[in-house]
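A.B. asks: When we follow my numbering, the leftmost residue of the sequence shown carries the number 29, and every step to the right adds one. Below: one structure in C-alpha cells.
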Amino acid sequence: MGTGGIEWFYVLFMLFAGISLAFLTPVFQIPDEPNHFARAWQISEGTLASPVHNLSNKNNLVSFVPSVFFQEKYVGNIVQSEGRYSFKDIADFMSEPVNASRDMRTINNTGSYAPIVYFPQALGAYVVRSVGGTAGEIYYAMRIGAVLFSALCVFMAIRLLPEKGLLIFLLAMMPMYLAESASIAADAVVFGGCMLVSAYILSLTRCEDRLTVRQCVALIVMAVIVGLLKQVYGTVLLLYFLMPYKRLGSRKKYYSFGVIMLAVCLVSSFVWLYFSVSRHGVSFALNKADISAQMEFIKENPFRFLKIIIRSNIILMKFYVNSFIGQLGWLNLGMPIWFKAIYIFLIAAGAALGRLNISIKHRIIMILGFAATVLALDMYEYFAWDQPGSLIIEGVQGRYFIPVSLMALSAFSFLRNIKHEKEVACLVSIMSIAVTLARTYNYFYMS
29 MGTGGIEWFY
39 VLFMLFAGIS
49 LAFLTPVFQI
59 PDEPNHFARA
69 WQISEGTLAS
79 PVHNLSNKNN
89 LVSFVPSVFF
99 QEKYVGNIVQ
109 SEGRYSFKDI
119 ADFMSEPVNA
129 SRDMRTINNT
139 GSYAPIVYFP
149 QALGAYVVRS
159 VGGTAGEIYY
169 AMRIGAVLFS
179 ALCVFMAIRL
189 LPEKGLLIFL
199 LAMMPMYLAE
209 SASIAADAVV
219 FGGCMLVSAY
229 ILSLTRCEDR
239 LTVRQCVALI
249 VMAVIVGLLK
259 QVYGTVLLLY
269 FLMPYKRLGS
279 RKKYYSFGVI
289 MLAVCLVSSF
299 VWLYFSVSRH
309 GVSFALNKAD
319 ISAQMEFIKE
329 NPFRFLKIII
339 RSNIILMKFY
349 VNSFIGQLGW
359 LNLGMPIWFK
369 AIYIFLIAAG
379 AALGRLNISI
389 KHRIIMILGF
399 AATVLALDMY
409 EYFAWDQPGS
419 LIIEGVQGRY
429 FIPVSLMALS
439 AFSFLRNIKH
449 EKEVACLVSI
459 MSIAVTLART
469 YNYFYMS
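Take a look at the structure:
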C-alpha cells in the first residue's frame, strides 16, 4: 500500500514548524529544558554518565556547563511573564561567545537518562562547538538537531505503516509534539523513537512468513533502545504478540522470543540505571516525598492505592487531554477550545481509519499495553512527588502518553483509508502550525 507522499508532506511541514518554533520559543521556556540542556551538553563533551557530587550530605548528579548559558536573564525567572521577550534577545544570544567559566548544575531528574536520549541535541552541540560557534548558535543547533531527528522518525514510521499514516501524521503534528520536538528536552527523542518502534513492529504483523534473522536482530536492538529511552514505554514491545506465532516456527519459539525481548528491555534499563545512578545512592524523590514510606503504604493498602490511581485519572482527564494535544511552556498555555474540539475529532477519525488486520484479542493487548503504561507512570510520579496516602497523584501530564498513543489508538481501527489523506494532512498541518506559532508569538512577544 502506498502512502501517496504524505510522509514527504510531513517532513516539509515539520521542518518549517520545527525550525520556526526552535527560534521563536525563548531560551529555556520548555519545561525542564535547563536540566535537559545540561545533560545534553555533558554528553556532547563525551561525559556519558553524569558525575556525582555530595551536596548537603546528599549525593546528586551534576553537570558543568559554561556559565554564559545560565545567566540571570535566561534562568533568573524560568516562568516568564507575558510579553517578556523581543527578537533582539535572539540576536543578542547568537552573538554571545562561549566563555571558559563554568557553573555546576544539579540534574538528578535528567542525569539518569541514557546518552541515546540526547543524541541529536548533543551531536548538534558538538558539531557547532567544533567550528567555534557562539552560545546561541550551539543552543539553536541542539534544538534543530531534535527537529531533524523527529522528522526522520515520523517519515520512516509512515513509510513502514502507511495504513496508519494519517494517524501518525495527526499525532506528530499536534502542538505538543511540535513544541517538544523543537526543544532540547528528552521528549524530542522519546516521542520519535517510540513512534518508529511501534510502527515497525505493527508492520511485521501483515504476513505469516518466517521472521528473518535481520528482523529478529532489529527487534532485539529496538528492545534495548526502548529500555534506554524510558522503561515505562517498554509496553510498545507487546505489539510483538500481534504477530502470528508461525512467524517464529512454533509457539514455544514465539513466546520465548517475546519474553526475551521484554527481558532485554528491562535489563538494559536497569543496568544503565544501576551503573549511572543507583550505586551512587542518588535519590529522585521530590517535594520531600518518602519513597520507602510510600512503598510500605502500597503494600499495606493496595486497594486504597488502586482507588487513588483511578480517582486521579478521572479527575485529571481534562488536563491530560489538553496537555496531550498541546499546552505550551512552563505555564501550560493551552490551545483554543475550537482547536482542541477539531483535533480530538480528527484523532478519533485517524484512529478508526486505516484498518489493520487484527483480532479482538490483539486489540485488547494493545489497550492493556496502554493501561500498563498509565499505571507505571502513575506509580513513578507517586514515588517522585507525593506523600503516602495522597488523594491525587501529581506530576503526570498528557504528553507522557504520546509515545504509546499509536499503539493505543490503532486498536480502534476498522475503516478503510479515505482517498484524500494528503489534502486532509495538509489542511491539518496549516491549522496546527498557524495556531501553535501564533499562540507562542502572542504570549512571549506581545505585551
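Think of the CB as a built atom: it goes at the ideal place given N, C-alpha and C, for glycine as much as any other residue.
(1) Around the Cβ of residue 529, are there at least 16 other Cβ atoms within 10 angstroms (buried) or fewer (exposed)?
(2) Report buried or exposed for residue 133, applying the criterion of at least 16 other Cβ atoms within 10 angstroms of its Cβ.
(3) Determine the direct distance from the alpha carbon of residue 300 to that of residue 201, and round the result to whole angstroms.
(4) Could you say which of 431, 460 and 451 lies nearest to residue 226 if we only look at CA atoms?
(5) For residue 86, write down the residues that DSSP places opposite it in a beta bridge.
(6) To test your reading of the DSSP string, which unbroken alpha helix (DSSP H) runs of 4 or more residues are found completely within the region 29-55?
(7) Using 8 Å as the Cβ pair cut-off and three pairs as the minimum, do the region 395-405 and the region 253-267 touch?
(8) Quick one: any contact between the region 417-424 and the region 457-466, if contact means 3 or more CB pairs under 8 Å?
(9) Going by alpha carbons, who is nearest to residue 157 out of 297, 124, 43 and 40?
(10) Can you give, in chain order, each stretch of the alpha helix (DSSP H) that sits fully within the region 118-198 and has at least 4 residues?
(11) Taking only three categories from DSSP, how would you classify residue 94?
(12) For residue 252, name the three-state secondary structure that DSSP assigns.
(13) Are the region 74-81 and the region 288-299 in contact at 8 Å, needing three or more beta carbon pairs?
(14) Please identify the residue among 273, 282 and 295 whose C-alpha is closest to the C-alpha of residue 259.
(15) Taking a contact to mean a Cβ-Cβ separation below 8 Å, would you say residue 149 touches residue 179 in this structure?
(16) Return the bridge partner residues of residue 362 from the DSSP annotation.
(17) Is residue 324 buried or exposed, if buried means 16 or more other CB atoms sit within 10 Å of its CB?
(18) Rounded C-beta distance between residue 169 and residue 96? I'm assuming under 8 Å.
(19) Can you check which of these residues, 387, 130 and 368, is closest to residue 348 by C-alpha distance?
(20) Taking residue 145 as the reference, which of 122, 70, 274 and 128 has the closest Cα?
(21) Once you ignore the five residues that flank residue 87 on each side, which residues in its own chain have a CB closer than 6 Å to its CB?
(22) Go through its chain and collect everything with a Cβ distance to residue 305's Cβ below 6 Å, but skip five positions before and after it.
(23) Measure the alpha-carbon distance for residue 115 versus residue 53 and round it to whole angstroms.
(24) Per DSSP, what kind of secondary structure is residue 210 in: helix, strand or coil?
(25) Using 8 Å as the cut-off, can you tell me whether the region 39-53 makes contact with the region 271-288, which would need three or more C-beta pairs spanning the two stretches below that distance?
(26) If you draw a straight line from the C-alpha of residue 85 to the C-alpha of residue 131, how long is it?
(27) Quick one: grab the DSSP three-state call for residue 448.
(28) Is residue 387 helix, strand or coil by DSSP?
(29) Please return the same chain residues whose Cβ sits closer than 8 Å to the Cβ of residue 66, not counting the five positions on each side in sequence.
(30) So which of 176, 83, 161 and 100 has the shortest CA-CA distance to residue 49?
(31) Alpha carbons only, please: which of 371, 379 and 437 is nearest the one belonging to residue 396?
(32) To the nearest angstrom, report how far apart residue 58 and residue 224 are at their CA atoms.
(33) Can you give me the C-alpha to C-alpha distance between residue 329 and residue 68, rounded to a whole angstrom?
(34) Whole alpha helix (DSSP H) runs in the region 222-283 with 4 or more residues, listed along the chain?
(35) Rounded to whole angstroms, what's the CA-CA distance from residue 122 to residue 237? Just pull it up for me.
C.D. replies: If we stick to the structure as given:
(1) Any property of residue 529 remains undetermined from this structure, which presents the chain solely from 29 to 475.
(2) If you number the sequence shown from 1, residue 133 lands on position 105. With 16 or more other Cβ atoms within 10 Å, it is buried.
(3) Looking up residue 201 in the sequence shown gives position 173. Looking up residue 300 in the sequence shown gives position 272. Cα to Cα, the separation comes out at about 32 Å.
(4) Taking the first residue of the sequence shown as position 1, residue 226 is located at position 198. Of the candidates 431, 460 and 451, the one whose C-alpha sits nearest the C-alpha of residue 226 is 431.
(5) If you number the sequence shown from 1, residue 86 lands on position 58. 83.
(6) Correct list: 34-52.
(7) yes
(8) no
(9) For the purposes of this step, residue 157 is taken as the residue at position 129 of the sequence shown. Minimum Cα distance to residue 157 is reached at 124.
(10) 136-139, 147-158 and 163-188
(11) Within the sequence shown, residue 94 is the residue found at index 66, counting from 1. Three-state result, residue 94: strand.
(12) Locating residue 252 in the sequence shown gives position 224, where the first residue counts as 1. In the structure shown, residue 252 sits in a helix (DSSP, three-state: H, G or I).
(13) no
(14) On the sequence shown, position 231 is the one that residue 259 refers to. Of 273, 282 and 295, the residue nearest in Cα terms is 295.
(15) Taking the sequence shown and counting its residues from 1, the one referred to as residue 149 is at position 121. Taking the sequence shown and counting its residues from 1, the one referred to as residue 179 is at position 151. If you check the CB distance, residue 149 and residue 179 do not come in under 8 Å.
(16) As a first step, residue 362 is located in the sequence shown; it is residue number 334 there, counting from the start. Answer is 355, bridged to residue 362.
(17) Your numbering for residue 324 matches position 296 in the sequence shown. Residue 324 comes out exposed.
(18) As a first step, residue 169 must be located in the sequence shown, where it is residue number 141. As a first step, residue 96 must be located in the sequence shown, where it is residue number 68. With a Cβ gap of about 15 Å, residue 169 and residue 96 do not count as contacting.
(19) Taking the sequence shown and counting its residues from 1, one reaches residue 348 at position 320. The option with the nearest alpha carbon to residue 348 is 368.
(20) For the purposes of this step, residue 145 is taken as the residue at position 117 of the sequence shown. For residue 145, the nearest C-alpha among the options comes from 70.
(21) In the sequence shown, counting from the first residue as 1, residue 87 sits at position 59. These residues qualify, in order along the chain: 80, 308, 309 and 310.
(22) Within the sequence shown, the letter at position 277 stands for residue 305. Result list for residue 305: 140, in chain order.
(23) Translated into positions along the sequence shown, residue 115 becomes position 87. Translated into positions along the sequence shown, residue 53 becomes position 25. Distance between the alpha carbons of residue 115 and residue 53 is about 11 Å.
(24) Counted from its first residue, the sequence shown places residue 210 at position 182. Residue 210 falls in the coil class under three-state DSSP.
(25) no
(26) Locating residue 85 in the sequence shown gives position 57, counting from the first residue. Locating residue 131 in the sequence shown gives position 103, counting from the first residue. Taking the straight line joining both Cα atoms gives about 20 Å.
(27) On the sequence shown, position 420 is the one that residue 448 refers to. It is coil, neither helix nor strand.
(28) Sequence index remark: in the sequence shown, residue 387 carries index 359 (1-based). Here residue 387 sits in coil by DSSP.
(29) The residue you call residue 66 lines up with position 38 of the sequence shown. Cβ neighbours of residue 66 beyond the five flanking positions: 91, 93, 133, 135 and 138.
(30) Taking the first residue of the sequence shown as position 1, residue 49 is located at position 21. Ranking 176, 83, 161 and 100 by Cα distance to residue 49 puts 176 first.
(31) Stepping through the sequence shown from its first residue, residue 396 is reached at position 368. Of the candidates 371, 379 and 437, the one whose C-alpha sits nearest the C-alpha of residue 396 is 437.
(32) For the purposes of this step, residue 58 is identified with residue 30 of the sequence shown, where counting begins at 1. For the purposes of this step, residue 224 is identified with residue 196 of the sequence shown, where counting begins at 1. So the two alpha carbons sit approximately 24 Å from each other.
(33) Within the sequence shown, the letter at position 301 stands for residue 329. Within the sequence shown, the letter at position 40 stands for residue 68. Rounded to the nearest angstrom, the two C-alpha atoms are 40 Å apart.
(34) 241-257
(35) Locating residue 122 in the sequence shown gives position 94, where the first residue counts as 1. Locating residue 237 in the sequence shown gives position 209, where the first residue counts as 1. Rounded to whole angstroms, residue 122 to residue 237 spans 54 Å at the Cα level.
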